[in-house]
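Letter 343 of the sequence shown, counting from 1, is numbered 343 in this note's numbering, and no numbers are missing.
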Amino acid sequence: MSRLVIASNRVADLRQTTQTGGLAVALADAVRERGGVWFGWDGEIGEVDEPEVDQIDNVTRVALPLSEDDYTNYYLGYANSVLWPLFHYRLDLIDYRPAFFEGYRRVNRMFARHLAQFLKPDDCIWIHDYHLIPLAGYLRELGCRQRMGFFLHIPFPPSDLLEASPNHAELVDWLLQYDLVGLQTHTDVGNLTRYLEDHTPAVPVREGRFLFGERTVSVERFPIGIDFEIFEQMAQRAPDDVAVDVLRRKVLGQKQIIGVDRLDYSKGLPERLRAYGRMLAQHPELEKSVSFLQIAPLTRGDVDAYANIRLELEALAGSINGQFGDFNWTPIRHIHRPVPREKLASLFRASHVGFVTPLRDGMNLVAKEYVAAQDPADPGMLVLSQFAGAAEEMVEALVVNPYDVDEMSRRLHQALVMPRDERRRRHEALMEKVMRHDAKAWLTAFLEALGDLADKPADLS
Ligand code: ADQ
């Protein structure tokens with residue numbers, strides 16, 4: 001088995017991956033099993049000529065900081081003020097500046113130069129996410145001929161939207177430098193396929209495979225999953241403060257709705273709060289018997305488009321609490337701090353509804369974690385946006401249009417009063433999918449596809 005080389009925006013702390021979630025754990029296991037390299041940004045800002053190299057058993061962790069200029073133009077700029085909004089269909093939020101694109105190219109070129117020094121000829125290279133789209137192209141310029149796969153964790157937009165970026169042709173050219181491009185959903189695969197067919201010389205040779213010059217490029221769907229077993233078990237061990245909370249709710253007969261997100265405009269948080277407010281207005285009988293816990297820590301606070309979200313949410317939560325609350329009832333609790341995973345898992349289990357309504361999301365792992373955390377005998381109900389990648393599979397959830405506040409309010413109410421038999425039926429089907437398509441299955445499928453390509457490079461039949 002060849003070594004595995006992973007490049008991702010943030011390089012995981014390989015000595016401590018339990019807090020970082022299922023994805024980091026699955027990737028860390030794979031790289032430990034095969035030996036190899038994990039390369040990426042260490043999250044720091046500073047001037048360093050050489051990366052920090054840490055050998056942990058058979059894995060080399062290579063991490064480097066970004067300069068102030070690179071942080072501004074590459075990370076905050078092109079990655080998070082151009083690609084993130086563009087790929088989440090938010091042309092209105094793009095802040096395009098030529099210096100951002102230059103920074104994006106510069107950092108990827110610099111990453112390629114450093115990474116190339118750690119590569120062996122038959123390594124299998126797996127590059128992650130929108131920050132690093134050009135990395136394979138720059139590695140190829142340095143003469144690297146290894147198999148290279150790319151996985152995009154966020155949606156891939158339709159051609160019409162992608163073309164709004166002045167650099168769309170270059171972006172897709174970079175994607176064509178990979179042997180395998182993995183996307184989350186059928187919609188994403190369809191969007192990239194149409195772009196390739198309409199705007200590039202890539203020739204489709206069979207479904208999901210294109211001939212581009214001398215090389216073939218595969219475009220496939222690999223829906224990401226969670227570390228199901230670990231999460232399911234964590235959910236059953238409630239930390240003390242959550243256990244007290246659960247008990248209190250049982251005694252008071254309250255039902256809890258939970259939302260857990262990074263504070264991001266793609267997550268549909270204002271619409272979600274409005275839907276909750278509307279439901280309270282339409283169902284006065286729910287007074288004091290329901291509460292909404294929204295956990296949403298601020299991320300990317302340095303990006304302008306994020307600055308106002310927190311204020312908007314605080315104002316909305318304040319107005320709902322002011323309108324409906326009482327001295328012994330707070331309808332919404334809004335928490336800005338990240339919550340440890342164990343606590344999150346048991347909060348999911350203690351909540352009657354998981355309210356997951358992004359306006360657009362690559363997959364959304366919170367939807368899967370909520371399902372995994374439930375007690376199968378008396379499960380809570382998932383209300384899920386049709387625009388989360390997860391909705392392609394999780395059709396037994398109550399699927400909603402996250403722009404339609406009325407519909408979300410109706411579905412939220414339906415979830416709260418749904419009879420146990422129906423909840424169990426829906427949950428059983430959801431649980432089966434989340435369990436089967438877990439993080440390990442995702443990783444194995446991707447690496448097998450990348451390995452298979454290497455074994456049959458000329459197979460175009
Ligand atoms: P994210 O946009 O970060 O990821 P998501 O998949 O929902 O979105 O969450 C990732 C993880 O972060 C989950 O494990 C979740 O529990 C955790 N998390 C979120 N909010 C948290 C909080 N407040 N406190 C503690 N933990 C929290 C990107 C894409 C997604 C895609 C993933 C994986 O945007 O669409 O599903 O990558 O590919």
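By construction, the Cβ of each residue, glycine as well, lies at the ideal position given by its N, Cα and C atoms.
Quiz item: Rounded to a whole number of angstroms, what is the C-alpha to C-alpha distance between residue 313 and residue 292?
Solution: Locating residue 313 in the sequence shown gives position 313, where the first residue counts as 1. Locating residue 292 in the sequence shown gives position 292, where the first residue counts as 1. So the alpha carbons of these two residues sit roughly 13 Å apart.
Practice problem: Name, in chain order, the residues that DSSP records as bridge partners for residue 148. | Solution: Position 148 of the sequence shown, counted from the start, is the residue given in the question as residue 148. DSSP lists 125 as partners of residue 148.
Self-check item: Chain-order list of residues whose beta-carbon lies under 8 Å from that of residue 202 (same chain, five-residue window excluded)
Solution: On the sequence shown, residue 202 is found 202 positions in, with the first residue counted as 1. Closer than 8 Å at the Cβ level, and outside the excluded window around residue 202, lie 176, 196, 210, 211, 212 and 217.
Quiz prompt | Contacting residues, own chain, Cβ-Cβ under 7 Å from residue 460 (five flanking each side not counted) | solution = Position 460 of the sequence shown, counted from the start, is the residue given in the question as residue 460. Residue placement at residue 460 is poorly supported in this model, since its pLDDT is 37, which falls under 50; the coordinates are not used for a value here.
Self-check item: Cutoff 7 Å; reference residue 299; Cβ partners in own chain excluding five residues on either side
Solution: As a working note, residue 299 is residue 299 in the sequence shown. Excluding sequence neighbours, residue 299 sits near 262, 263 and 264.
Exercise. Identify which residue in 88, 107, 247 and 48 has its Cα closest to the Cα of residue 133.
Key: The count along the sequence shown starts at 1 and reaches residue 133 at position 133. When only C-alpha atoms are compared, the closest one is 107.
Quiz item: What are the uninterrupted segments assigned as alpha helix (DSSP H) that are 4 or more residues long and contained completely in the stretch 68 to 141, given in chain order?
Solution: Within the stretch 68 to 141, the alpha helix (DSSP H) runs of at least 4 residues that lie entirely inside it are, in chain order, 84 to 87, 98 to 116 and 135 to 141.
Quiz item: alpha helix (DSSP H) containing residue 349: first to last residue?
Solution: Counting from one through the sequence shown, the residue named residue 349 turns up at place 349. Looking at the DSSP string, the run of the alpha helix (DSSP H) that includes residue 349 is 341 to 349.
Quiz item: Do you know whose CA, among 351, 7, 275 and 220, lies nearest residue 28's CA?
Solution: For the purposes of this step, residue 28 is taken as residue 28 along the sequence shown, with counting starting at 1. When each option's Cα is compared against that of residue 28, the closest is 7.
Quiz item: At a cut of 8 Å, does the stretch 423 to 439 reach the stretch 389 to 409 through at least three beta carbon pairs?
Solution: yes
Quiz item: How many whole angstroms separate the CB atoms of residue 337 and residue 297, which I take to be in contact at a CB cut-off of 8 Å?
Solution: Taking the sequence shown and counting its residues from 1, the one referred to as residue 337 is at position 337. Taking the sequence shown and counting its residues from 1, the one referred to as residue 297 is at position 297. Rounded, the Cβ-Cβ distance is 6 Å, consistent with contact.
Self-check item: Close beta carbons around residue 161, own chain, < 8 Å, minus the five adjacent residues each side
Solution: Here the question's residue 161 lines up with position 161 in the sequence shown. Contacts found: 86, 89 and 91.
Self-check item: Length of the line joining the Cα atoms of residue 318 and residue 309
Solution: As a working mapping, residue 318 is identified with position 318 in the sequence shown. As a working mapping, residue 309 is identified with position 309 in the sequence shown. Looking at the backbone, the Cα of residue 318 and that of residue 309 are separated by about 14 Å.
Quiz item: Does DSSP put residue 456 in a helix, a strand or coil?
Solution: Here residue 456 refers to the residue found at position 456 of the sequence shown. Note on residue 456: pLDDT 48, under 50, position unreliable in the model; the coordinate value appears next. If DSSP states are grouped into helix, strand and coil, residue 456 belongs with coil.
Self-check item: Alpha-carbon spacing of residue 364 relative to residue 412, whole angstroms
Solution: For this step, residue 364 is matched to residue 364 along the sequence shown. For this step, residue 412 is matched to residue 412 along the sequence shown. Near 19 Å, if we compare the C-alpha coordinates of residue 412 and residue 364.
Practice problem: Can you tell me which of the three DSSP states residue 270 falls into? | Solution: Mapped onto the sequence shown, residue 270 falls at position 270. The answer is helix: DSSP assigns residue 270 an H, G or I state.
Quiz item: So, residue 115 versus residue 59, is the Cβ gap smaller than 7 Å?
Solution: Numbered from 1 along the sequence shown, position 115 holds the residue referred to as residue 115. Numbered from 1 along the sequence shown, position 59 holds the residue referred to as residue 59. No, the Cβ-Cβ distance between residue 115 and residue 59 is not below 7 Å.
Practice problem: For my contact list, residue 226 and residue 355 are in at a C-beta cut-off of 8 Å; report their separation, rounded to the angstrom. | Solution: Walking along the sequence shown from the start, residue 226 turns up at place 226. Walking along the sequence shown from the start, residue 355 turns up at place 355. So it is not a contact: roughly 18 Å between Cβ atoms.
Exercise. Classify residue 223 as buried or exposed, calling it buried when 16 or more other Cβ atoms lie within 10 Å of its own Cβ.
Key: Taking the first residue of the sequence shown as position 1, residue 223 is located at position 223. Burial call: buried.
Self-check item: Closer than 6 Å: residue 339 CB and nearest ligand 1 heavy atom
Solution: To locate residue 339, count along the sequence shown from 1; it is residue 339. Yes, the beta carbon of residue 339 sits closer than 6 Å to at least one heavy atom of ligand 1.
Quiz item: Three or more beta-carbon pairs under 8 Å between the stretch 119 to 129 and the stretch 70 to 78, yes or no?
Solution: Judged by Cβ distances under 8 Å, the stretch 119 to 129 makes no contact with the stretch 70 to 78, as fewer than three pairs qualify.
Quiz item: CB of residue 293 to nearest heavy atom of ligand 1: below 6 Å?
Solution: Along the sequence shown, read from residue 1 onward, the residue named residue 293 stands at position 293. No, the beta carbon of residue 293 sits no closer than 6 Å to any heavy atom of ligand 1.
Quiz item: With a CB to CB cut of under 6 Å and the five nearest residues on each side skipped, what residues in its chain are close to residue 131?
Solution: Along the sequence shown, read from residue 1 onward, the residue named residue 131 stands at position 131. Once the five neighbours on either side are set aside, the close Cβ partners of residue 131 are 9 and 79.
Exercise. Kindly examine ligand 1 and report whether one of its heavy atoms sits closer than 6 Å to the Cβ of residue 97.
Key: For this step, residue 97 is matched to residue 97 along the sequence shown. Checking the Cβ of residue 97 against ligand 1 gives no.
Quiz item: residue 262: beta carbon under 6 Å from a heavy atom of ligand 1?
Solution: By 1-based counting over the sequence shown, the position of residue 262 is 262. For residue 262, the shortest separation between its Cβ and any heavy atom of ligand 1 lies below 6 Å.
Practice problem: Leaving out five residues on either side along the sequence, give the residues of the same chain with a beta carbon under 6 Å from the beta carbon of residue 457. | Solution: As a first step, residue 457 must be located in the sequence shown, where it is residue number 457. Unreliable placement is indicated for residue 457, whose pLDDT of 45 sits below 50; the coordinate value is still reported in the next sentence. Cβ within range, chain order: n/a, list empty.
Self-check item: Nonlocal neighbours in the same chain, by C-beta distance under 7 Å from residue 178, ignoring five residues either side
Solution: Against the sequence shown, residue 178 aligns to sequence position 178. Excluding sequence neighbours, residue 178 sits near 136, 148, 149, 150 and 217.
Exercise. Mind reading off the beta-carbon distance from residue 41 to residue 64? Whole number of angstroms is fine, and I expect it under 8 Å.
Key: On the sequence shown, residue 41 is found 41 positions in, with the first residue counted as 1. On the sequence shown, residue 64 is found 64 positions in, with the first residue counted as 1. The Cβ separation is near 7 Å, so the contact holds.
Quiz item: Would you say the beta carbon of residue 297 comes nearer than 6 Å to a heavy atom of ligand 1?
Solution: Your numbering for residue 297 matches position 297 in the sequence shown. Checking the Cβ of residue 297 against ligand 1 gives yes.
Quiz item: Do residue 272 and residue 409 have their C-beta atoms within less than 7 Å of each other?
Solution: For the purposes of this step, residue 272 is identified with residue 272 of the sequence shown, where counting begins at 1. For the purposes of this step, residue 409 is identified with residue 409 of the sequence shown, where counting begins at 1. No, the pair does not count as a contact, with Cβ atoms beyond the cut-off.
Quiz item: Looking only at its own chain, which residues have a Cβ that is under 8 Å from the Cβ of residue 428, when we skip the five neighbours before and after it?
Solution: By 1-based counting over the sequence shown, the position of residue 428 is 428. Excluding positions up to five away in sequence, the list reads 376.
Quiz item: Tell me which same chain residues have a C-beta within less than 7 Å of the C-beta of residue 35, skipping the five on either side of it?
Solution: Residue mapping note: residue 35 aligns to position 35 of the sequence shown, counting from 1. 3, 58 and 59, listed in sequence order.
Exercise. Give every residue of the same chain whose Cβ lies closer than 7 Å to the Cβ of residue 507, excluding the five residues on either side of it in the sequence, and list them in chain order.
Key: A question about residue 507 goes unanswered here, because the residues of the chain that appear run from 1 up to 461.
Quiz prompt | Reduced DSSP secondary structure (H/G/I, E/B, other) of residue 54 | solution = Residue numbering aside, residue 54 sits at position 54 when the sequence shown is read from its first letter. Strand at residue 54.
Self-check item: Three-state class that DSSP yields for residue 381 in the structure shown
Solution: Reading the sequence shown from its first residue, position 381 is the one you call residue 381. Three-state result, residue 381: strand.
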